[in-house]
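Asker:
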Amino acid sequence: MDSAEQAALSELDAQGSHSATANNQHYDARRINEYNSDGKLADGARHMDIRFMRRFERLPVNLSLSSILVPNGVSLDDGDVKAALQWSAHLDPLFQNNLERDPALSWQYFGSTSGFLRRFPGTAWPPEGSKGSKQINDFRTHNWFVQAASSPKDIMILLDSSSKMSEKSFDLAMETAFNILDTLGENDYVNLVTLTDLPKSPVPCFKDRMVRATPDNLLEIKSAVKAVKLGGTVNITAGLEYAFSLLHKYNQSGEGSQCNQAIMLITESSSESHKDIIKQYNWPHMPVRIFTYLIGSDSGSRSNLHEMACSNKGFFVQINDMEDARRKVIDYALVMARPMIMYQADHPVHWSPVFVAGKSGGLARDSEYQRRLVTTVSTPVFDRRNHSVRVANLLGVVGTDVPIEEIRKMIPQHKLGPNGYSFIVDNNGRVLYHPDLRPMSDGNQYIDQLRPRYTSVDITELELPETEIGNDHEIVEMNKNLLYDMRSDMIMPKEGETEFTILSHYDDMKRVYARSQRYFYGPIEDTPFTLAVVLPEKYGTHELFSQQEIRHSRKNVTEYFKGDNWRVHPDWVYCEYNSVSDLEKERESSGEYSNSRDQEPSFGSPEEQVLHFLSRAGRPGWKWMSVRPKSPQPHHSMHGATPVGHFAQHMNVQGSRKAEPYYCDRTLLQSLVRDAMVTDGLDRNSTGAPNGKEDKNPIATLMAILKRQGYQKFVVTTSFVATRSGLLRWIDHIKPADDSPEPHFSEENARAMDMSWYKRAVDQHSIEQDSFVYSVPFGSGYNGKTNGTLVTASHSIFVEHRGHKAPAAVVGLQFQHDSLAKHFINITSACTGMTGCKRTCASDNLDCYVLDNSGFVIISEDAEHTGKFFGQIDGTIMDSLVQDRIYKRVTVNDYQGVCSNSDNPYTACGGIVKPNRVASWLLQYFVSLTSTWLAFLPTPLNAWPQDDYSYNEENFEEPTYSDDYETFDEDYISPVDEEMDELFTTADVEYTTPPPKQHKPHVGPRSNPDPSNARRCDLRTDLYMLQPERLSQGGQNNPLKGKLTNCHVSGCERPFSVQKIPHSNLILLVVDTLCPCGSKQLDIEPMEESGIVGACSTRRQSQETQKRRRPKKCINYHPEEIEIQQCGRGAHLLQTPASLFTAHIVMILKLVATKYVLERNLIHFDG
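All residue numbers for the sequence shown refer to the working numbering, where the first residue is -13 and numbers rise by one.
#1: How many angstroms separate the CA atom of Pro1097 from the CA atom of Ala518?
#2: Applying the criterion that 16 or more other CB atoms from any shown protein chain within 10 Å of the CB defines a buried residue, is Met308 buried or exposed?
#3: So is Lys193 buried or exposed if we call it buried at 16+ other beta carbons inside 10 Å?
#4: For a test of the three-state rule: what should DSSP assign to Pro945, helix, strand or coil?
#5: Since Glu254 and Lys120 are thought to touch, with beta carbons under 8 Å apart, how far apart are those beta carbons, to the nearest angstrom?
#6: Determine the DSSP secondary structure at Tyr1167, reduced to helix, strand or coil.
#7: According to DSSP, what are the bridge partners of Asn48?
#8: Drop a sphere of 10 angstroms on the beta-carbon of Arg540, count the other beta-carbons inside from all chains shown, and report buried for 16 or more, exposed for fewer.
#9: For His803, I'd like the list of residues in its chain whose CB is within less than 7 Å of its CB, leaving aside the five on either flank, ordered along the chain.
#10: Would you call the segment 337 to 355 and the segment 38 to 52 in contact, with 3 or more CB pairs under 8 Å?
#11: Starting from Ser782, follow the beta strand (DSSP E) in both directions and report where the run begins and ends.
#12: Compare the C-alpha of Val383 against each of Asn221, Ala795, Ala135 and Ile536 and name the closest.
#13: Short of 6 Å in beta carbon distance, which residues of its chain neighbour Asn735, apart from the five on each side in sequence? Order them along the chain.
#14: Please return the same chain residues whose Cβ sits closer than 8 Å to the Cβ of Leu1164, not counting the five positions on each side in sequence.
#15: Could you please give me the residues that DSSP links to Ser364 through a beta bridge?
#16: Mind checking which residues open and close the beta strand (DSSP E) that includes His708?
#17: Checking 8 Å against the spacing of the C-beta atoms, do Asn165 and Ala311 come in under that value?
#18: Can at least three beta-carbon pairs, one atom from the segment 285 to 295 and one from the segment 210 to 220, be found at a separation below 8 Å?
#19: Would you tell me roughly how many angstroms separate the C-alpha atoms of Tyr267 and Leu233, rounded to the nearest one?
#20: Evaluate contact between the segment 862 to 878 and the segment 1001 to 1011, counting only Cβ atoms and requiring at least three cross-stretch pairs below 8 Å.
#21: For Tyr21, count the other beta carbons within 10 Å of its own beta carbon; 16 or more makes it buried, fewer makes it exposed. Which is it?
#22: Closest to Leu170 by C-alpha separation, out of Arg195, Val179, Met160 and Arg126, would be which residue?
#23: Can you list, in chain order, the residues of its chain whose CB lies under 7 Å from that of Leu1030, leaving out five sequence neighbours each side?
#24: My understanding is that Ser98 touches Ser74, with C-beta atoms under 8 Å, so please give their C-beta distance in whole angstroms.
#25: Would you identify the three-state DSSP class for Ser757, choosing helix, strand or coil?
#26: Looking at Val340: is its Cβ nearer than 8 Å to the Cβ of Thr361?
#27: Please give the ranges of any alpha helix (DSSP H) in the segment 797 to 853, keeping only runs that are unbroken, at least 4 residues long and fully inside the region.
#28: Mind checking Arg715: buried by the 16 CB within 10 Å criterion, or exposed?
#29: Buried or exposed, going by whether 16 or more other CB atoms sit within 10 Å of the CB of Gln72?
#30: Buried or exposed for Glu1074, please, with buried defined as at least 16 other CB atoms from any protein chain shown within 10 angstroms of its CB.
#31: Alpha carbons only, please: which of Ala248, Val1035, Tyr648 and Leu205 is nearest the one belonging to Arg602?
#32: Quick one: measure Cβ to Cβ for Asp124 and Arg313, integer angstroms, because I've assumed they're closer than 8 Å.
#33: Name the residue from Leu251, Glu161, Gln133 and Arg710 whose alpha carbon lies nearest to the alpha carbon of Pro185.
#34: Since Gly604 contacts Leu658 with CB under 8 Å, what's their CB separation in whole angstroms?
#35: Please report the distance separating the alpha-carbon of Gly30 from that of Arg17.
#36: So Glu593 and Arg351 are in contact, right, with Cβ under 8 Å, and what is the actual spacing, rounded?
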């Protein structure tokens, strides 16, 4: 650190003699590689060597240089801008060094208060393919800049809406207020009142309150202000009295931010400076700053408003046009930063909310079309010079983007298993990431303008507790309270664990499943975050521990990965190089180096990357690098603490100064090889060994099951297996047409463990172990001769060891729907029972359906019904099935719905099953690893109580296909052939169903609004879950017969019969059609909640009272601040370079962009 600062000082000392050339050292992103038609560089343009890089949003960049981006209204010829450009050019080597040390880094930048953004690595703007202009959105109003520059705050905005304001003036005033609102974040509180005869709150439920500055609340205020009508006489005195009283109330009661407080007065005129009311409430200590914004150029008002601001530690701004309204609002944040700058001690680190950035940098085949989630880490940079007059200048903010995908790598999904997941929440209960987090579309505003649209979703809006557990109100309330108790603990933050039942939804919220889950959570030191690990209670507490030692294998393990009919999970890290240069050196040494310099040295696919490392793993001298690269540690590393106990064996404390060239997840890679060995031979489709003995290979077992069930009768197109290590293998029994518009099976299912057919199959195992889960695409009905609809059938394989089970794989196949439908019709159209039958499904007065466990039609006599929700076909019968407890109606709320703002009211085998020990080592591991990656200071985590979980070489053995795979009964009955005819002959208890209760659908708009006109809204839908125990009483799948009565004036009855199809998630429904019972339709389309919507809804109001944890730092007072005379827009915040504050820049940049990355891997886990 000292050497870096000294190097920067030396370069700055030499700056004076090279000032003429130094001024032209920057690269204006607007003029990079700009050529004339004759191929010559355009006047004023500069050439930059660039090459495409995946990690930088697939843009062409230069890894040695930064480029300068500017918003509208900022000139690079301005004196302050030139000075800041000159000294900040020395940051490039530091940026470059940071990137080389850690490939997880994304964009690094320095945002100057003078208005330019230095961004590394260098690239042209606008990006190729972007529709944006050459100017970016002004970053000085973004969360990462403003929140790093100032401590939390309570803001009262007083907006003049009197009749004296012209429409043009009010538009300017409104724009000024909106720009102030845009600078606020989750740690701030705000309210806005309009000033006429009396102050009024445009949002009724915000009256006499300060609300958190969430995106939803800010949008609510903006929408309400747009509806304000001008009128009355402005009463600034009443407005000030109201604002002072409310702020005082929050300060004394312990509510609000408990830090900065300010009044923002926006008006066209003020006849006085309101000394009396200000003296009464704010003097002599001035706890509330006053910022005044004069709309227009009234000279008398100017002096009054200037005095109000200057005598109350504020700032005066004059707004003459929209550009002023956008550019000058940032002045208030620079003033609030003064105490922090004057103390020169603390540089609070700020983590922005998550937002959607540019293209993903993954190797997945679809990653080019995906955009990644990002958070920004930032900290302020101060001017440390001694001036002749007292000033406190903020030079800017330094920051770096952290892709969420890089954070998630620290919590490997393979350790959590199917339907397990993790999430992180901040001090406000807002989610950093979660598998169900669905950010709103930003309309490409980041790609076009570099303007992030931040996401703010509370954890209670994502974890949906089961609230319809029978009629036991006490259990329902307990289930909800457990969620809120967990949220409170995580915010405090505390370590803990809990268990409750949640509603898990699949397939764009068309299916729902109630699952009991175990939650383990703990704080991430030196960050505002808490990490939670979630595991299914029924099968998540054990994992399959089965690996193949690669280095000692007698066979080249790449032999198990031949052909192109396999994939690995594209988002999982099996092995990767730690930097671009490491990969380049490896390829150069092996003779694989490409001469192309315009492309990043990379791999073409995740499979190519895996094979690359597998081929090297068998070479002599191969070493497992199962820890992330670690930085050189200072003498005070870990604050002198010595790791003890369990973590001592997993912590790299040698102080090595050499980062390893690559990282491998040893457990995952060797599990992958084991799974590949077990599944090798899928394409041979054999059911017996050549020597006549039964083959215990799970694939052979699967094929035997399929043949035993008669699947050879159907036209199978694809069979597949997906394992717990992320391996997917498949066979195309029918080669897809080259011109087929449908994507291949592997293109949509490479992330197998994340797919609905995988998750549902694992859940189904706890209901019926030897069953398959069937599904068809939603709304895939057809009426022509040509049909491409496929049925997907999947079955989970669990491995049992010493009485414990763990999910190992999911096997399945896809076959043509029409072949199944024809077979169904043939069977149900004939009487095959010994007792005979009077009617069949071929009869005109009977309709027959096969429904899945969510109520969707798998088979119907009318092929157009395929994939439809049955309630849309016959809502009366569906209601009856709910009344008879065959299906359960479950109300699911979607708190991430999107509505139009115009509606605003104003796996393998042969292994050992080991316990996950989630209460101890698993969460400890994830918290520790994430903590060291996210934390800025190398503070150790306190060790949690834990069991011993060490690496055992004896667990590695050659594959044996023993009885560890569960066996299947030989009398596995075909669910159609031998069961169907019993439906019409079996006697059973008859249920007479009363007229179904009227179920009122939720009303509201159904729209997919343009992102610029979209708002968050609460949606609600009714989904359905089959209750299989209702149809399997006494272990028998006997049909239940019922009838609808009193549904027609003629008094006729409508009988129906329901039977579970064995070994599946399906039921057979037969309905008599002679008696008309209406044409009611049920819909599962989500609708907006009726009643009060938006911020004034009951749910949103309750959120305002939820717990939050204030940031640790609040710096809002310095006794000498009153000596600063700058309080008007005419004064300059000087930024000329000097060695003292430039050295400080270097220090802070190193802290943010380097230290959090370099210290992130102190603790690791050797699989």
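Glycine included, each C-beta is placed from N, C-alpha and C at the ideal position. What you are looking at is a predicted structure, and each value in this text was computed from that prediction instead of being measured.
Answerer: Taking the structure as given:
#1: 20 Å
#2: exposed
#3: exposed
#4: Note that Pro945 scores a pLDDT of 32, beneath 50, so its modelled location is shaky and nothing firm can be said.
#5: No, Glu254 and Lys120 are not in contact; Cβ-Cβ is about 34 Å, not under 8 Å.
#6: What the structure shows of the chain is the stretch from -13 to 1153, and residue 1167 is not part of that stretch, so it cannot be assessed.
#7: Gly108
#8: exposed
#9: Val762, Asn773, Thr775, Leu776, Val777 and Thr852
#10: yes
#11: Leu776 to His787
#12: Ala135
#13: Met741
#14: Nothing can be reported for residue 1164, as the shown portion of the chain is limited to -13 through 1153.
#15: His336 and Gly385
#16: Reading the sequence as shown, one finds Ala at residue 708 and not His. Segment Val702 to Thr709, the beta strand (DSSP E) holding Ala708.
#17: yes
#18: no
#19: 10 Å
#20: yes
#21: exposed
#22: Arg126
#23: Thr862, Ser866, Thr979, Glu1039, Arg1040 and Cys1063
#24: 7 Å
#25: coil
#26: yes
#27: 803 to 814
#28: buried
#29: buried
#30: buried
#31: Tyr648
#32: 7 Å
#33: Leu251
#34: In fact, because the Cβ distance is near 15 Å, the residues do not count as touching under 8 Å.
#35: 7 Å
#36: Not really, about 10 Å apart at Cβ, beyond 8 Å.
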